[in-house]
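> Dropping the structure in here first, questions after.
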Amino acid sequence: MARKMTMPATGYRLALMPQTRKKLAKAAPKKDAGAGQTANLLPGFEASCPPSSARAMRHLPPDAHIPDLQKTLLDWFAVHQRDLPWRASYTPYEVWISEVMLQQTQMERGVSYFLRWMQRFPDVATLAAAHEEDVLLLWEGLGYYSRARHILAAARKIMAEHGGVFPSDPASIRALPGVGPYTAGAIASIAFGEKLPCVDANVERVVSRIFDVDSPVKQEPAAGIIHRRALQLVPEGKSREHNQAMMELGALVCRKKPLCGVCTLAAFCISLHLGIADQRPVPGKRVVIKPVNAVTGVLRVGEHVFVQKRLPSGVWGNLWEFPGGRVETDETPEQAAVREFMEETGFEVRVTANYGTIRHGYTTYRLTLHCFGLELASPCEDAEAENIPEGCPPPPQLTAALKYRWATPEELENLAMPAAHRKLADSLFSSPAETADGHAPSTLRHAYLSKTK
Ligand code: SF4
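Numbering (the working numbering), first residue to last: 230 to 682.
Below you can see the structure in the form of structure tokens.
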């Protein structure tokens, strides 16, 4: 059941920063940022306060009303929180895994990854004993593979240095591999009740709007102000609920386009009262997304294709891939595919098919991957080396990989691959019945089939 807003008590002492005071003084109640957003936008919500024109400025600033704000938010969370699997028991292990996964994916997808992960690695001990390849395979599709490697390293550290028990003090949590200030704050507060803030992008947005932080949020002084304000808002003994409530409000209500008309914190929000909620948070410099033009080649011999495991360093460290690399300015993609194969494996190959291009977006660049079918330039004698299938050449001279494999399409499914290479493998080898929604096989698959019949 939705709660009605409890208006804060009056009679506080004005304690605003001077520039905010000036803005408030100038601000006649402006057009209501959330007036057009009705209760029906979110099921179960109803407008929690009257339009801003009817709200009195005397309910600001929030400093004097922090206890009211905290209670209002906790009451809202008690009613509107989503039913998420890690909220059943709040074990530190589950909180940790969910927080790291959710830093890089949407909630719905994060839940499915989380459930799959917990089925395979239900506790720290099971995870610590796992092979890195199994961990990377389960992480495949989430990106930022160094996080998966850090999680494995942290699990092993917990086993080695903490007797398999997740450490509860913030300093020890922070000392685990890959655990930064945000993740440490989330685990310490949500799993162990420490009075610490969790400032993720959602909380950053909520705090910057409530307190009208008017400089770029990723930089100082705004970053420090937001952290201090977020800490100031955490109520004694309720950090688990409060921090999740802040994140939940940011995810469901105080979104990029804020739904102020249904927001339980509307009466406390300076940006709303100034009519500038949509101008907060102030963004920093835009990241320039660079285009990257690359090639990859699928060398097939009989039923097997050649794949290699990348070196441990770099964003795709230890993942399996089809060899390839960037297209140089003075060559065609076909020429690049042949050259890259020679440089990375010593195999002389020629192009037999053009499988088209795959486009994939990353944080700082946009990849256009030209994909080709390849064959050996000259037939080879049967290699006698171990693990080399019939008809495949002798071992390659690897220059950009740890090891290689001649894999069947079925075996590829069990190798962790970067997203673009997984897309290519799926397009080539998934049977029509396996493609999503029963769609016809992709163009890439048609090209592969026509060359391999
Ligand atoms: S906290 Fe966000 S959604 Fe709520 S009133 Fe302020 S800007 Fe609007």
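Using N, Cα and C, we set each Cβ at its ideal position, and we do this for glycine too.
1) What is the DSSP secondary structure of residue 240, reduced to helix, strand or coil?
2) Using DSSP's beta-bridge definition, name the partner residues of residue 299.
3) Return yes when the C-beta of residue 438 is under 7 Å from any heavy atom of ligand 1, and no when it is not.
4) Can you list, in chain order, the residues of its chain whose CB lies under 7 Å from that of residue 626, leaving out five sequence neighbours each side?
5) For ligand 1, is there a heavy atom less than 7 Å away from the beta-carbon of residue 482?
6) Which whole-angstrom value describes the C-beta separation of residue 383 and residue 406, a residue pair presumed to lie in contact below a C-beta threshold of 8 Å?
7) May I have the straight-line CA-CA distance separating residue 370 from residue 308, to the nearest angstrom?
8) From what residue to what residue does the beta strand (DSSP E) around residue 604 run?
9) Cβ of residue 541 versus every heavy atom of ligand 1: is any distance shorter than 7 Å?
10) Return the chain-ordered list of same chain residues with a C-beta closer than 6 Å to the C-beta of residue 629, the five sequence neighbours on each side being excluded.
11) Can you tell which of 488, 596, 439 and 401 has its C-alpha closest to the C-alpha of residue 652?
12) Count the CB pairs spanning the region 303 to 319 and the region 512 to 521 that are closer than 8 Å, and state whether there are at least three.
13) Considering only residues of the region 349 to 411, which uninterrupted alpha helix (DSSP H) runs meet the minimum length of 4 residues and lie entirely inside it, listed in chain order?
14) Could you tell me the boundaries of the alpha helix (DSSP H) in which residue 462 lies?
15) Could you tell me how far apart the beta carbons of residue 548 and residue 374 are, in whole angstroms, since I believe they sit closer than 8 Å?
16) Could you name the residues that DSSP lists as bridge partners for residue 550?
17) Below 8 Å between beta carbons: does that hold for residue 523 and residue 484?
18) What residue does the beta strand (DSSP E) around residue 334 start on, and which one ends it?
19) Hey, out of 542, 532, 584 and 583, whose CA is closest to residue 617's CA?
20) Could you please give me the residues that DSSP links to residue 585 through a beta bridge?
21) Taking the C-alpha atoms as reference points, what is the distance between residue 303 and residue 513?
22) Following a CB-centred definition, is residue 487 positioned closer than 7 Å to any heavy atom of ligand 1?
23) Please specify which runs of the alpha helix (DSSP H), each continuous and at least 4 residues long, are wholly inside the region 490 to 521, giving them in chain order.
24) In the structure shown, what three-state DSSP assignment does residue 528 receive?
25) Beta carbon of residue 476, beta carbon of residue 432: below 8 Å?
26) Would you say residue 385 faces chain D, with C-beta separation under 8 Å as the test?
27) Which residue wins for smallest C-alpha separation from residue 566, given the options 542, 559, 600 and 535?
28) Output the distance between the C-alpha atoms of residue 335 and residue 392, rounded to the nearest integer angstrom.
29) Using the Cβ count rule (16 or more neighbours within 10 Å means buried), how would you classify residue 542?
30) Could you say which of 351, 305 and 337 lies nearest to residue 323 if we only look at CA atoms?
31) Under three-state DSSP, which class holds residue 442?
32) Where do the N-terminal and C-terminal ends of the beta strand (DSSP E) with residue 632 fall, by residue?
33) Out of curiosity, what's the CA-to-CA distance linking residue 339 and residue 413?
34) Throw me the rounded Cβ distance for the residue 397 and residue 424 pair, which I believe falls under 8 Å.
35) Among 434, 558, 464 and 623, which has the Cα closest to the Cα of residue 418?
From the atom records:
1) Counting from one through the sequence shown, the residue named residue 240 turns up at place 11. Bear in mind that the predicted position of residue 240 carries a pLDDT of just 29, short of 50, making it unreliable; the figure below should be weighed with that in mind. Residue 240 falls in the coil class under three-state DSSP.
2) To locate residue 299, count along the sequence shown from 1; it is residue 70. Note: residue 299 sits in no beta bridge, so no partner.
3) Mapped onto the sequence shown, residue 438 falls at position 209. For ligand 1, at least one heavy atom lies less than 7 Å from the Cβ of residue 438.
4) The sequence position of residue 626 within the sequence shown is 397, counting from 1. Excluding residues within five positions, the ones whose Cβ falls inside 7 Å are 574 and 575.
5) As a position in the sequence shown, residue 482 is number 253, starting the count at 1. For ligand 1, at least one heavy atom lies less than 7 Å from the Cβ of residue 482.
6) The sequence position of residue 383 within the sequence shown is 154, counting from 1. The sequence position of residue 406 within the sequence shown is 177, counting from 1. That pair is a contact at about 5 Å.
7) Translated into the one-based positions of the sequence shown, residue 370 becomes position 141. Translated into the one-based positions of the sequence shown, residue 308 becomes position 79. Approximately 33 Å, taken between the alpha carbons.
8) Counted from its first residue, the sequence shown places residue 604 at position 375. Run containing residue 604: 594 to 605, per the beta strand (DSSP E) assignment.
9) Within the sequence shown, residue 541 is the residue found at index 312, counting from 1. Incorrect: residue 541 has no Cβ contact closer than 7 Å to ligand 1.
10) Here residue 629 corresponds to residue number 400 of the sequence shown, with the count starting at 1. Taken in chain order, the residues that qualify are 573.
11) Stepping through the sequence shown from its first residue, residue 652 is reached at position 423. Of the candidates 488, 596, 439 and 401, the one whose C-alpha sits nearest the C-alpha of residue 652 is 596.
12) With a cut-off of 8 Å, the region 512 to 521 and the region 303 to 319 do not count as touching, because too few Cβ pairs lie within range.
13) 353 to 357, 361 to 368, 374 to 390 and 399 to 403
14) Numbered from its first residue, the sequence shown carries residue 462 at position 233. Membership of residue 462 in the alpha helix (DSSP H) is indicated by the continuous run 451 to 462.
15) Here residue 548 refers to the residue found at position 319 of the sequence shown. Here residue 374 refers to the residue found at position 145 of the sequence shown. A Cβ-Cβ distance of about 6 Å is found for the pair residue 548 and residue 374, placing them in contact under the 8 Å criterion.
16) Stepping through the sequence shown from its first residue, residue 550 is reached at position 321. For residue 550, which the question treats as bridged, DSSP gives the partners 537.
17) Locating residue 523 in the sequence shown gives position 294, where the first residue counts as 1. Locating residue 484 in the sequence shown gives position 255, where the first residue counts as 1. At a Cβ-Cβ threshold of 8 Å, residue 523 and residue 484 do not count as neighbours.
18) For the purposes of this step, residue 334 is taken as the residue at position 105 of the sequence shown. DSSP places residue 334 in no beta strand (DSSP E); its state is neither H nor E.
19) Sequence index remark: in the sequence shown, residue 617 carries index 388 (1-based). Cα-wise, what sits closest to residue 617 is 532.
20) By 1-based counting over the sequence shown, the position of residue 585 is 356. Paired residues: 600.
21) Taking the sequence shown and counting its residues from 1, the one referred to as residue 303 is at position 74. Taking the sequence shown and counting its residues from 1, the one referred to as residue 513 is at position 284. Cα to Cα, the separation comes out at about 31 Å.
22) Taking the first residue of the sequence shown as position 1, residue 487 is located at position 258. Under cutoff, so the answer is yes.
23) Listed in chain order, they are 499 to 503.
24) Numbered from its first residue, the sequence shown carries residue 528 at position 299. Residue state, collapsed to three classes: strand.
25) Indexing the sequence shown from 1 puts residue 476 at position 247. Indexing the sequence shown from 1 puts residue 432 at position 203. In contact: residue 476 and residue 432 (Cβ atoms closer than 8 Å).
26) Going by chain labels, chain D is absent from the structure shown, which holds only one protein chain.
27) Against the sequence shown, residue 566 aligns to sequence position 337. Of 542, 559, 600 and 535, the residue nearest in Cα terms is 600.
28) Taking the sequence shown and counting its residues from 1, the one referred to as residue 335 is at position 106. Taking the sequence shown and counting its residues from 1, the one referred to as residue 392 is at position 163. Distance between the alpha carbons of residue 335 and residue 392: 34 Å.
29) To locate residue 542, count along the sequence shown from 1; it is residue 313. Counting Cβ neighbours within 10 Å, residue 542 comes out exposed, since fewer than 16 surround it.
30) Here residue 323 refers to the residue found at position 94 of the sequence shown. Cα-wise, what sits closest to residue 323 is 351.
31) Position 213 of the sequence shown holds residue 442. Coil at residue 442, not helix or strand.
32) Taking the sequence shown and counting its residues from 1, one reaches residue 632 at position 403. Residue 632 -> beta strand (DSSP E) spans 630 to 636.
33) If you number the sequence shown from 1, residue 339 lands on position 110. If you number the sequence shown from 1, residue 413 lands on position 184. Cα-Cα distance, rounded: 19 Å.
34) Looking up residue 397 in the sequence shown gives position 168. Looking up residue 424 in the sequence shown gives position 195. At roughly 14 Å, the Cβ-Cβ gap does not stay under 8 Å, so residue 397 and residue 424 are not in contact.
35) Position 189 of the sequence shown, counted from the first residue, corresponds to residue 418. Closest in C-alpha terms to residue 418, from the list 434, 558, 464 and 623, comes 464.
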